[in-house]
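Student: I'd like to ask some things about the structure below.
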Amino acid sequence: MNKTDWDFTLANYDAVWLFVVQIGLLLLCLMLGNVLRRKIPLFRNCLVPSALLGGVILLVVDVICSQFGVEIVNNRIMQVVTYHCLAIGFAAMTLKTEKSAHKTKKSQVLEFGALQGGTYMLQAFVGLGITIIFFLLTQYGDNIISYICGLILPLAFGQGPGNALSWDINFTNTPATMFAGNGSFGLSLASIGFIVASVFGVVYINIHKKKGTLFVRDSKMSSQFVDQTNPTGTEIPDNESIDKFTIQVGFVALAYALSFGFMCLLGVISDFTNSIAWGFNFLWASLAAMLIKFCVTKLRKKKIMNRKYINNYQMDRISGFAFDLMIVAGVAAIEINDIKRYLLPIIILSLVGALITYVYIRLVAKHCFKGFEHEFFLMSFGTLTGTASNGMILMKEVDPSLRTPTSSLYILSNFPAMIMIAPLLLLLGFAGKSLTSAIIACAIFFVLWLVYTMFLFRRKVFKKHYKDSPAPVWTDEEIDDSNPTEIVETVEEE
């Protein structure tokens, strides 16, 4: 087709209008989901995300319309949106210059990282073990259950729809796995993870409130209205020749462009590096964002750059938008026909995954984070079954003013958590090569889980008094509301 052979009419719907219409559907259903959440007390009280409700609306409408031969949702576009929004959200989150609002112990930062690593490994070896058993029982039948699909559990619960979709497609395209999830298996598990985070979290809060073991930490601090777009006065003003928000989007785009270049480089080096390149777009985007943030910090220190160009508030808005879009698109991209044969594994993995995650995090919270164990549990459980947004929403139900160090610990533990989760990410491709490789990977996950767990319970295991013993109990009386700056220690990640 020549350049002059087309115009902007419906005759060129696929080329001109298809993507825009699909994005419009996502945003429309997202708003409808928000209306449902606000108007229906059950959804509001259970803290069900509006994005999840929006995705379900779009999925149901698409299923109904398909019965009449009308295609509403383009699954390929929905999968592409889910894939890219994960990396965009991670890049925006990483570009933020985070500050912790409390004094935090280094040992507890490492323990939070170890908890995240331990939970991932627990979900990995239990999920993989379940589906290996399924495969051994069904390998000679007509309905073979792939041995690898259980490994998607930690990706779906821990990282959400984006990475679950990516590795579902990766395993589907690997003949040795005998897996045909086509993205829908991972997206289904991730969607269930959001429900687990919300429902379990709300039930936990209500049970412990009735027992009298959990109370909402009120704040007596006066509200201060701060310009969130320029809180310190050192950032670029909004009346520049280029919009301030455009600058933020530009930083995110630069991070993703650098990560794309790195993925291309990995893709041509070898088959192994190619196998790990494209499934970890969110990881490379995060690393690229760290590099950009490091360069910006150095330029400001050398007075080459005089203004702060990265705005935390607007980066939050970019990541929030990306993750909301990712959730709606991820749910809408589920193909019902693709998950029919995997219904039993999905149900078992969801139930067992929720149970082991609950028990493990609860035990660690009681042992390592005394004094704010409930806030810590809610933040960790919500994050490791849904997303960080789920965890923050649950935690703010009992600590609305962030009076405990939970949020600060989460901020500072991102880097050690990334290191401790790295073995899982590196072994994904290896585990999909054969049943033997999957069994070896499962054993490695179990050993790593033991190592992380022994570190977390080292005081009890070795019966030794450590200098880095758990932090003292946090109570409202210990915080002088008249001078809140006395308890604030600013920690800037570079």
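Using our numbering, the first residue of the sequence shown is number 52, and each one after it goes up by one.
Beta carbons: idealized from backbone N, C-alpha and C, even for Gly.
Keep in mind the model is a prediction, meaning the values are calculated, not measured.
Between which residues of its own chain and residue 477 is the CB-CB distance below 8 Å, once the five residues before and five after are set aside?
Tutor: In the sequence shown, residue 477 corresponds to position 426, counting from 1. For residue 477, where only same-chain residues beyond five positions count, the Cβ hits under 8 Å are 327.
Student: When you compare only the Cα positions, how much space is there between residue 220 and residue 342?
Tutor: Looking up residue 220 in the sequence shown gives position 169. Looking up residue 342 in the sequence shown gives position 291. Each residue's Cα considered, the two are about 29 Å apart.
Student: Who are the Cβ neighbours of residue 230 in its own chain at under 7 Å, not counting the five residues just before and after it?
Tutor: Counted from its first residue, the sequence shown places residue 230 at position 179. 197, 199, 200, 222 and 223.
Student: Note down, in chain order, each residue of its chain lying with its Cβ closer than 6 Å to the Cβ of residue 517, except the 5 sequence neighbours on either side.
Tutor: Residue mapping note: residue 517 aligns to position 466 of the sequence shown, counting from 1. Low confidence applies to residue 517: its pLDDT is 49, below 50, so where it sits in the model is not reliable enough to give any reading.
Student: Thinking C-beta only, is residue 373 closer than 9 Å to residue 140?
Tutor: Numbered from its first residue, the sequence shown carries residue 140 at position 89. Numbered from its first residue, the sequence shown carries residue 373 at position 322. Yes. Within cutoff.
Student: For the candidate residues 89, 402 and 421, whose alpha-carbon lies nearest to that of residue 241?
Tutor: For the purposes of this step, residue 241 is taken as residue 190 along the sequence shown, with counting starting at 1. Considering only alpha carbons, the answer is 402.
Student: Output needed for residue 399: all residues of its chain with C-beta closer than 7 Å, excluding positions within five of it in sequence on either side, in chain order.
Tutor: In the sequence shown, the residue the question calls residue 399 occupies position 348. Same-chain partners within the cutoff: 181.
Student: Using CA atoms only, rank isn't needed, just tell me which of 508, 507 and 496 is closest to residue 177.
Tutor: Translated into the one-based positions of the sequence shown, residue 177 becomes position 126. Among 508, 507 and 496, the Cα nearest to that of residue 177 belongs to 496.
Student: Rounded to whole angstroms, what is the Cα-Cα separation between residue 378 and residue 103?
Tutor: Within the sequence shown, the letter at position 327 stands for residue 378. Within the sequence shown, the letter at position 52 stands for residue 103. Spanning the two alpha carbons is a distance of roughly 6 Å.
Student: Exposed or buried, residue 426, counting other C-beta atoms within 10 Å across all chains shown (16 or more means buried)?
Tutor: What you label residue 426 is simply residue 375 of the sequence shown in a count that begins at 1. Buried.
Student: If residue 115 sits next to residue 73, beta carbons under 8 Å apart, how far is it from one beta carbon to the other, in whole angstroms?
Tutor: Position 64 of the sequence shown, counted from the start, is the residue given in the question as residue 115. Position 22 of the sequence shown, counted from the start, is the residue given in the question as residue 73. Contact between residue 115 and residue 73 does not hold, since the beta-carbon distance rounds to 18 Å and is not under 8 Å.
Student: Is the CB-CB distance between residue 481 and residue 470 below 9 Å?
Tutor: For the purposes of this step, residue 481 is identified with residue 430 of the sequence shown, where counting begins at 1. For the purposes of this step, residue 470 is identified with residue 419 of the sequence shown, where counting begins at 1. No, the Cβ-Cβ distance between residue 481 and residue 470 is not below 9 Å.
Student: Per DSSP, what kind of secondary structure is residue 359 in: helix, strand or coil?
Tutor: The residue labelled residue 359 in the question sits at position 308 within the sequence shown. Of the three classes helix, strand and coil, the one that applies to residue 359 here is strand, per DSSP.
Student: By the three-class DSSP mapping on this structure, what secondary structure does residue 426 have?
Tutor: By one-based count along the sequence shown, residue 426 stands at place 375. Helix at residue 426.
Student: Is the beta carbon of residue 138 sitting closer than 9 Å to the one on residue 409?
Tutor: Sequence index remark: in the sequence shown, residue 138 carries index 87 (1-based). Sequence index remark: in the sequence shown, residue 409 carries index 358 (1-based). It is not a contact, given that the beta carbons lie outside the stated cut-off.
Student: Tell me the DSSP secondary structure of residue 267 in three-state form.
Tutor: Position 216 of the sequence shown holds residue 267. Coil, per DSSP.
Student: Just checking, does the stretch 245 to 254 make contact with the stretch 350 to 363 on the three C-beta pairs under 8 Å criterion?
Tutor: no
Student: Give the range of the alpha helix (DSSP H) segment to which residue 308 is assigned.
Tutor: Locating residue 308 in the sequence shown gives position 257, where the first residue counts as 1. That run of the alpha helix (DSSP H) goes 295 to 320.
Student: Taking C-beta to C-beta, are residue 419 and residue 507 nearer than 9 Å?
Tutor: Position 368 of the sequence shown, counted from the start, is the residue given in the question as residue 419. Position 456 of the sequence shown, counted from the start, is the residue given in the question as residue 507. Yes. Within cutoff.
Student: Check whether the stretch 253 to 270 and the stretch 440 to 452 are in contact - that is, three or more C-beta pairs closer than 8 Å.
Tutor: Counting Cβ pairs under 8 Å, three or more are found: they touch.
Student: Alpha helix (DSSP H) containing residue 118: first to last residue?
Tutor: Residue numbering aside, residue 118 sits at position 67 when the sequence shown is read from its first letter. From DSSP, residue 118 is part of no alpha helix (DSSP H); its letter is neither H nor E.
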